[in-house]
Amino acid sequence: MGKASSAKKVARAAKAGGRRKVRGQQGLVFPVSVALVLLLGVGLVIYSKQSQPAADASPPTLGQHWHASYGFFICDKFIDNLQNDPESVPNYPGIHSHQDGVIHIHPFTSQVAGRNSTLGKFFEWAGVKMTNDELVLPNDLGTYKNGDTCPGTNKKGTL
């Protein structure tokens, strides 16, 4: 058997092996798809950030209704929330709470509108008195002084 038969075998083997792809010769469909998904995702994030209206940092004005959460954390626990009924407040300006841990701010007067819309104004209308050394809460919720010992512990409270 000479050269001719071995050449035929090589030709047959090459012909049969030509149908299979070598590992490095896979198509570009998957990597191109991944790249397109990434580009589309990044593009949508950039678009959504730029098309979002700018945040308004101005305080509440007359006619607006804002909410702010609050809570009193005394000796490792939250105490009951404040309630000041709008009907019981003389010259009600539009700042109150419904014992829900939320300050409802909807100014009716300039007393609590704009830069006057402060936690101090809420405290004033809710009957809270607070200094650097003492917190006095209305409706028998207590009086707390800086340095008072928490019940059941030897820890001293700090305002």
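Here the numbering used here is used: the first residue of the sequence shown is 106, the next is one more, and so on.
For every residue, glycine included, the Cβ atom is placed at its ideal position computed from N, Cα and C.
Taking C-beta to C-beta, are residue i and residue j nearer than 7 Å?
i    : j    : result
K226 : V233 : no
H201 : H211 : no
G206 : G176 : yes
P198 : F183 : no
Which of the three DSSP states is assigned to residue i in this structure?
i    : result
I200 : strand
L144 : helix
Q188 : strand
V207 : strand
A118 : helix
V150 : helix
A112 : helix
S215 : coil
S156 : helix
P164 : coil
S222 : coil
Provide the residue(s) that pair with residue i in DSSP beta bridges, ordered along the chain.
i    : result
K182 : I179
A173 : I208
Buried or exposed, going by whether 16 or more other CB atoms sit within 10 Å of the CB of residue i?
i    : result
P165 : buried
Y152 : exposed
L145 : exposed
L242 : buried
F178 : exposed
A231 : buried
F135 : exposed
Check: Which whole runs of the beta strand (DSSP E) in the region 225-262 are 3 residues long or more, in chain order?
Finding: For the region 225-262, whole beta strand (DSSP E) runs of length 3 or above, ordered along the chain, are 239-242, 247-250.
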